[in-house]
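K.L.:
To convert, note that position 5 of the sequence shown is 220 in the numbering used here; the numbers rise steadily by one, no gaps.
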Amino acid sequence: LHMSSFIHRDPCKYGAQCKDIDNAKHNQEYEHPSFCPNGGDCEDTSDDHEKAYRHLPACPSFQKCLAFKKHEKGHCEKFRHYMPRCDHGSYCVNFHDREHIENYKHPFPNPCRFTP
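1) Please give the ranges of any alpha helix (DSSP H) in the region 243 to 326, keeping only runs that are unbroken, at least 4 residues long and fully inside the region.
2) Quick one, which of F323, L271 and P248 has its alpha-carbon nearest C291's?
3) One question on the structure: do C251 and Y268 come within less than 8 Å of each other, judged by their Cβ atoms?
4) Relative to the alpha-carbon of K266, which residue among H241, R328 and P226 has its alpha-carbon at the smallest distance?
5) Measuring CA to CA, which of K284, H264, A231 and C257 is closest to P248?
6) I'd like to confirm something about G254: is its beta-carbon nearer than 7 Å to some heavy atom of the ligand GTP, or not?
7) Give the DSSP-derived three-state secondary structure of L216 in the structure shown.
8) Quick one: what's got a C-beta closer than 7 Å to H296's C-beta in the same chain, skipping five residues either side?
9) Cβ atoms of K285 and R300: under 8 Å apart, would you say?
10) Report all residues from its chain with a CB closer than 8 Å to the CB of N325; omit the five preceding and five following residues, and keep chain order.
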């Protein structure tokens, strides 16, 4: 009875990273994940987590946002504040750039400032 009473959509293969997630026609055909339970406080940027949950849009100032630092509820409920991953990952050539290291997450420990 259950299977014949309800329309079950197939899961979208792109999960929460789907480019058409806000397209009404696409949503009629495919199921997408729910929003992350951590809301604007979510800092998990792993591929598995990003695909498993939908997220609020990123604040353009990320964790340097003054509204985030002041814990302004209205702003923090609308935007996600996290340290973005460096696009170059382990192959980052900017590891000597202190500002870059402070602004982007890397898969290696922060280098010593005395490293040649």
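Glycine included, each C-beta is placed from N, C-alpha and C at the ideal position.
P.N.:
Judging by the given coordinates:
1) 262 to 267, 281 to 284, 288 to 291 and 313 to 318
2) L271
3) yes
4) P226
5) A231
6) With respect to small molecules bound, the structure shown includes none, and the ligand GTP cannot be examined in it.
7) With a pLDDT of 48 at L216, under the threshold of 50, the predicted position of this residue should be treated as unreliable, and no value is reported.
8) G255, C274, F277, Q278, C280 and F283
9) no
10) I316
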